[in-house]
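Input: a single structure, listed below in structure tokens.
There are 4 protein chains.
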Amino acid sequence: MADLSRTERKRQRTRTALIEATRKLAYRGGQEKISVQDITEEADVGLGTFYNYFEHKQAIFEAVLDDIQEVFDTQLDRFNSTLKDPAMLMAATLKYTFQQAQHNEDWLIFLEYSGRSRYQILHQSLAQCLSYIQKGVTAGRFRIGDIHFTLNLIHGMVRHVILEIAQGNLEADVSEEAIRSILRMLGLPDVVARALAQSPLPAVSAPRRSPLPEVINWKL
Amino acid sequence: MADLSRTERKRQRTRTALIEATRKLAYRGGQEKISVQDITEEADVGLGTFYNYFEHKQAIFEAVLDDIQEVFDTQLDRFNSTLKDPAMLMAATLKYTFQQAQHNEDWLIFLEYSGRSRYQILHQSLAQCLSYIQKGVTAGRFRIGDIHFTLNLIHGMVRHVILEIAQGNLEADVSEEAIRSILRMLGLPDVVARALAQSPLPAVSAPRRSPLPEVINWKL
Amino acid sequence: MADLSRTERKRQRTRTALIEATRKLAYRGGQEKISVQDITEEADVGLGTFYNYFEHKQAIFEAVLDDIQEVFDTQLDRFNSTLKDPAMLMAATLKYTFQQAQHNEDWLIFLEYSGRSRYQILHQSLAQCLSYIQKGVTAGRFRIGDIHFTLNLIHGMVRHVILEIAQGNLEADVSEEAIRSILRMLGLPDVVARALAQSPLPAVSAPRRSPLPEVINWKL
Amino acid sequence: MADLSRTERKRQRTRTALIEATRKLAYRGGQEKISVQDITEEADVGLGTFYNYFEHKQAIFEAVLDDIQEVFDTQLDRFNSTLKDPAMLMAATLKYTFQQAQHNEDWLIFLEYSGRSRYQILHQSLAQCLSYIQKGVTAGRFRIGDIHFTLNLIHGMVRHVILEIAQGNLEADVSEEAIRSILRMLGLPDVVARALAQSPLPAVSAPRRSPLPEVINWKL
DNA sequence: CATGAATGAGGATTCATTCAT
DNA sequence: TATGAATGAATCCTCATTCAT
């Protein structure tokens with residue numbers, strides 16, 4: 006990452022410009038509503054240039070998702086490393102996920118419009134949760150029936166709340182209530198659930214890249 | 006309704022064929038992924054015929070949604086009228102909703118791909134739930150914080166579970182567990198929750214997929 | 006014309022209804038802008054009925070032109086029979102032609118939109134003029150060079166003035182001035198030209214058929 | 006204008022090819038009778054190429070008219086500058102107009118089929134005439150009644166003669182007779198009218214069919 | 001004869017992708 | 001590598017015409 010040739014750096018810059026352009030246009034809808042020309046115009050490069058970086062149109066959408074996923078996962082991993090308690094991990098993971106939703110419109114829009122792959126985008130977040138739940142159950146902190154099914158219910162809640170927030174149907178601060186509900190559902194006493202839901206995310210360094218200033222606050 | 010002229014009956018049959026074809030093709034994705042030709046080929050009618058029945062392509066998608074909604078709502082109303090207890094009503098509504106999900110693949114697919122209107126399609130179901138929750142809270146049977154937010158969480162869970170079932174990721178019979186979880190979340194003791202989740206739907210005539218009796222019978 | 010069977014009369018009525026409908030719709034533009042359905046709807050008959058009366062769509066447009074032509078010619082013939090003097094005949098023919106233009110919008114619209122055949126529609130009128138000019142030249146009343154070419158110039162003027170009137174660019178009463186100019190061009194002294202241009206059309210019985218009330222005044 | 010990049014030159018060539026193709030096809034009738042495919046086939050380019058140059062089908066028809074108009078007007082202006090006498094200007098303008106008619110079939114066809122705008126296409130020519138007539142009247146050389154109406158009559162004659170020539174119904178050399186008739190109608194003595202009608206156009210560079218020199222030379 | 005459902009060729013327009021420069 | 005002109009398959013939609021009832 007440190008010593009790329011000048012041309013190589015330029016390549017990266019163009020590639021990034023294309024991806025950013027695509028994110029910016031995502032509000033229009035799915036792939037069908039965004040043309041390659043739209044993207045290259047937004048990125049301010051020639052139309053043909055696109056195909057020097059992506060084989061198909063579809064490829065850039067996947068790249069955008071990968072990009073989002075990567076940033077998301079990287080960030081999430083940092084919390085993994087700073088926490089131990091499964092209940093806290095659950096709370097932090099959920100809180101982080103909701104915060105992404107509140108601060109990163111593109112992210113949501115891709116969640117919304119990227120079809121089947123939207124299940125993928127929360128995957129990391131949920132995979133983490135699964136292990137936390139397992140740990141929690143083993144440790145006797147959580148009391149639930151089927152682990153996977155519970156995860157499913159949580160997935161549904163998270164996803165729904167995220168989209169509702171995105172559409173302005175819910176206040177952003179409901180995330181705490183959601184987390185509390187989920188923790189209660191896992192068998193935690195309400196006091197504990199509430200406390201965890203209210204505690205801030207552990208402080209870690211800022212996420213690598215994002216055009217949105219507020220995103221800086223993610224580290225909160 | 007019984008006494009339509011032959012022509013009129015034929016018209017209805019063609020219209021239904023187009024709608025059924027559209028439902029059948031819905032698995033491909035949204036409107037963008039289904040061409041009018043796909044529909045007419047699937048329905049085995051000429052391309053031009055489509056436009057004798059629907060003004061735009063979009064119109065048939067709306068018609069399909071209306072169709073689904075109507076059947077769903079009509080059916081749901083029957084349960085409304087046979088039950089009184091809010092907890093039972095909740096359980097029945099949820100159970101019915103999950104049942105629809107299991108028996109009508111198309112229904113789900115449309116839930117999934119019809120964009121914003123997907124919130125509409127469960128609307129009736131959820132509007133019912135809201136009043137049941139209110140009743141339940143008033144009657145002291147449910148103990149929850151914010152009613153609307155709780156409804157949101159339920160919405161998310163229901164929707165997600167439905168889609169998971171549709172995609173074969175979950176066994177159909179988890180619906181009972183979901184209902185039980187939801188009832189527990191509403192504050193019912195686990196025993197009651199389990200009992201309600203297990204009790205069968207009140208007996209009413211079997212759900213039908215279309216408001217047009219003749220055509221349906223002809224297809225079954 | 007007197008004793009047609011009832012069915013035959015009905016046939017005629019339907020045919021006429023179709024033709025009238027077409028005239029009424031002519032304001033939309035040429036054949037391309039009027040669909041067979043438009044015509045049958047306007048005529049209040051079934052779509053298929055159209056093809057019991059006309060082989061193609063084009064056929065009805067020709068029929069309309071023939072119809073217009075026939076009425077026009079029939080009427081024109083009456084003047085032929087009541088006048089002798091070639092200058093008067095010229096004046097009357099021109100005046101009648103301009104009057105048609107003023108009172109019969111359909112007529113003009115067909116003139117305007119029927120493509121090449123529009124040269125045909127004035128044909129009778131001009132054929133008459135040709136013989137009058139010849140008579141006039143022979144009789145020494147007109148003094149001109151090439152007869153056919155003069156007729157061409159007249160044709161151009163008449164046609165243009167008619168369309169200008171139709172489009173509201175010229176006052177209807179300019180027809181007198183036009184006639185006067187034409188007669189002058191034929192070599193008549195201005196006083197005579199003016200007198201002829203101002204004299205009314207000979208009174209004859211009303212034209213056979215037209216949906217426009219004012220048309221009754223044509224007999225003027 | 007001289008120094009266009011190669012690409013730019015290519016663009017112009019394609020654009021011109023499309024416009025020329027359209028002119029060539031105009032004999033078929035209006036826009037309705039010419040499909041975009043017809044045009045691109047005639048121009049020997051791919052169908053899609055059309056839309057790199059014109060937003061709609063309609064746009065190319067307007068472009069053709071603008072093109073014709075521009076060439077016509079530019080040329081006409083040259084005569085304006087070399088003559089003073091209103092009668093000579095009238096004669097020259099008319100003669101030039103008729104000449105265009107004889108040499109540019111396409112020009113006529115567009116005159117004929119371009120709907121309302123056909124009045125526009127002769128507009129420049131006639132606007133000139135109007136000022137010449139006014140000058141002539143003021144100077145006492147012309148003796149007529151209403152100036153505008155006279156102009157209308159002239160418009161009609163010119164247009165008609167042009168189209169008759171185009172259709173082969175009239176010999177090309179009648180233009181002299183037409184000019185003579187028009188000048189006589191304006192009150193000039195026949196000898197003068199004839200003399201003016203016969204005098205050749207002032208010598209200026211040959212009329213060109215297109216404002217784009219390179220392309221034109223390439224085609225000639 | 002009257003009707004209108006069915007049909008498919010035809011037409012405008014979009015856009016992903018290729019390729020020569 | 002960057003570019004953008006060229007391309008044609010794909011798509012929506014219209015409408016003249018046919019034909020069974």
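Chains as they are written, first to last, in my numbering: chain A, 6 to 225; chain B, 6 to 225; chain C, 6 to 225; chain D, 6 to 225. Every residue gets a Cβ at the ideal spot worked out from N, C-alpha and C, and that includes glycine.
Exercise. What number of angstroms, rounded off, separates the C-alpha of K224(B) from the C-alpha of A31(B)?
Worked result: Unreliable placement is indicated for K224(B), whose pLDDT of 22 sits below 50; the coordinate value is still reported in the next sentence. Rounded to the nearest whole angstrom, the CA to CA distance from K224(B) to A31(B) is 19 Å.
Problem set entry | Supposed close pair P91(A), K140(A) - CB separation, criterion 8 Å | The pair is a contact, with the Cβ atoms about 4 Å apart (cut-off 8 Å).
For this session: Determine, using beta carbons only, whether R185(A) and A198(A) come nearer to each other than 7 Å.
Result: Cβ distance < 7 Å, so R185(A) and A198(A) count as in contact.
Problem set entry | Beta carbon proximity, K186(C) to chain D, threshold 7 Å | Note that residue 186(C) is Ser in the sequence shown, not Lys. The C-beta of S186(C) comes closer than 7 Å to at least one C-beta of chain D.
For this session: Mind reading off the beta-carbon distance from D151(C) to E182(D)? Whole number of angstroms is fine, and I expect it under 8 Å.
Result: With a Cβ gap of about 7 Å, D151(C) and E182(D) count as contacting.
For this session: Thinking Y56(C) and R20(C) are a contact (beta carbons under 8 Å), I'd like their distance in whole angstroms, please.
Result: Rounded, the Cβ-Cβ distance is 12 Å, inconsistent with contact.
Exercise. Looking at C-beta atoms only, is the number of pairs between the segment 43 to 52 of chain C and the segment 70 to 90 of chain C that lie closer than 8 Å three or more?
Worked result: As far as the Cβ criterion goes, the segment 43 to 52 of chain C does not touch the segment 70 to 90 of chain C, which means the pair count is below three.
For this session: Mark E176(D) as exposed unless 16 or more other C-beta atoms lie within 10 angstroms of its C-beta, in which case mark it buried.
Result: Classification of E176(D): exposed, given that the 10 Å Cβ count is below 16.
Problem set entry | For I24(B), the three-state DSSP class (helix, strand or coil) | It is helical.
Problem set entry | Residues within the segment 144 to 170 of chain D neighbouring chain C, beta-carbon criterion of under 8 Å | Flagged, chain order: G150, D151, F154, T155, N157, L158, H160, G161, M162, V163, R164, H165, V166 and E169.
Problem set entry | A22(B) versus T155(B): straight-line alpha-carbon distance, rounded | Roughly 40 Å between the two C-alpha positions.
Exercise. Can you tell me whether DSSP reads S10(D) as helix, strand or coil?
Worked result: The DSSP-derived three-state label of S10(D) is coil.
Exercise. What distance in whole Å lies between the Cβ atoms of A171(B) and A106(B), which are believed to be in contact at a cut-off of 8 Å?
Worked result: About 6 Å; that satisfies the 8 Å criterion.
Problem set entry | Opening and closing residue of the alpha helix (DSSP H) in which K38(D) lies | First-last for K38(D): undefined, no H or E at that position.
Exercise. What span of residues does the alpha helix (DSSP H) with A144(C) cover, start to end?
Worked result: Counting along the chain, A144(C) sits inside no alpha helix (DSSP H), nor does DSSP assign it H or E at all.
Problem set entry | Closest Cα partner of G173(A) within the set H160(A), I24(A), V142(A) and H108(A) | The residue with the shortest Cα to Cα distance from G173(A) is H108(A).
Problem set entry | Coarse secondary structure for H108(A), derived from DSSP in three states | Helix.
For this session: Starting from A183(A), find everything on chain B with Cβ-Cβ shorter than 7 Å and list it in chain order.
Result: Within chain B, the residues near A183(A) are L158.
For this session: Note down, in chain order, every chain C residue with its Cβ under 7 Å from the Cβ of E1(D).
Result: Nothing can be reported for residue 1(D), as the shown portion of chain D is limited to 6 through 225.
Exercise. So is S122(C) in contact with chain D if we call contact Cβ pairs under 7 Å?
Worked result: For S122(C), the pLDDT reaches just 47, beneath the cut-off of 50, and the residue's location in the model is therefore unreliable, leaving the point undetermined.
For this session: Spatial neighbours of I114(C) within its chain, please: CB distance less than 6 Å, with the 5 preceding and 5 following residues excluded, ordered by chain position.
Result: The beta carbon of I114(C) is closer than 6 Å to those of A31 and Y32 in its chain, skipping five residues each way along the sequence.
Exercise. Helix, strand or coil: which one does DSSP assign to L81(B)?
Worked result: In the structure shown, L81(B) sits in a helix (DSSP, three-state: H, G or I).
For this session: Please confirm whether A97(C) and F84(C) have their CB atoms less than 7 Å apart.
Result: Going by C-beta atoms, A97(C) is nearer than 7 Å to F84(C).
Exercise. Apart from the five residues just before and just after F103(C), which ones in its own chain have a Cβ nearer than 6 Å to its Cβ?
Worked result: So the list reads S180, once near-sequence residues are dropped.
Exercise. Using a beta-carbon distance below 7 Å, is E110(C) in contact with chain D?
Worked result: It does not: the Cβ of E110(C) has no partner Cβ on chain D nearer than 7 Å.
Exercise. Quick one: is T19(A) near chain B, going by C-beta distance under 7 Å?
Worked result: Interface flag for T19(A) against chain B is unset, since no Cβ pair is found closer than 7 Å.
Exercise. If we cut at 7 Å on Cβ distances, does V196(D) have a partner in chain C?
Worked result: Under the Cβ distance rule, V196(D) does not count among the residues neighbouring chain C, no pair being separated by less than 7 Å.
Problem set entry | Proximity winner among A144(C), F66(C) and I159(C), relative to K89(C) (alpha-carbon distances) | With distances taken between Cα atoms, K89(C) lies closest to A144(C).
Exercise. To which residues of the same chain is L135(D) closer than 8 Å at the C-beta, ignoring the five residues directly before and after it?
Worked result: If we look at L135(D) and ignore the five residues flanking it on each side, its Cβ neighbours are I152, H153 and L156.
For this session: Could you name the residues of chain A that M190(B) contacts, counting a contact when the two beta carbons are closer than 8 Å?
Result: Within chain A, the residues near M190(B) are S186, R189 and M190.
Exercise. Taking just the CA atoms, how far does E47(C) sit from I159(C)?
Worked result: Computed Cα separation, rounded: 37 Å.
Problem set entry | Beta-carbon spacing of V41(B), K62(B) below 7 Å | It is a contact, given that the beta carbons lie within the stated cut-off.
Exercise. Beta-carbon of V179(A) versus every beta-carbon of chain B: anything under 7 Å?
Worked result: True, the Cβ-Cβ gap to chain B drops below 7 Å.
Problem set entry | Residue range of the alpha helix (DSSP H) that includes Y58(B) | That run of the alpha helix (DSSP H) goes L52 to Y58.
Exercise. Any heavy atom of the ligand NAP closer than 6 Å to the Cβ of Q107(A)?
Worked result: Judged by which ligands are present, the structure shown has none, so any question about the ligand NAP falls away.
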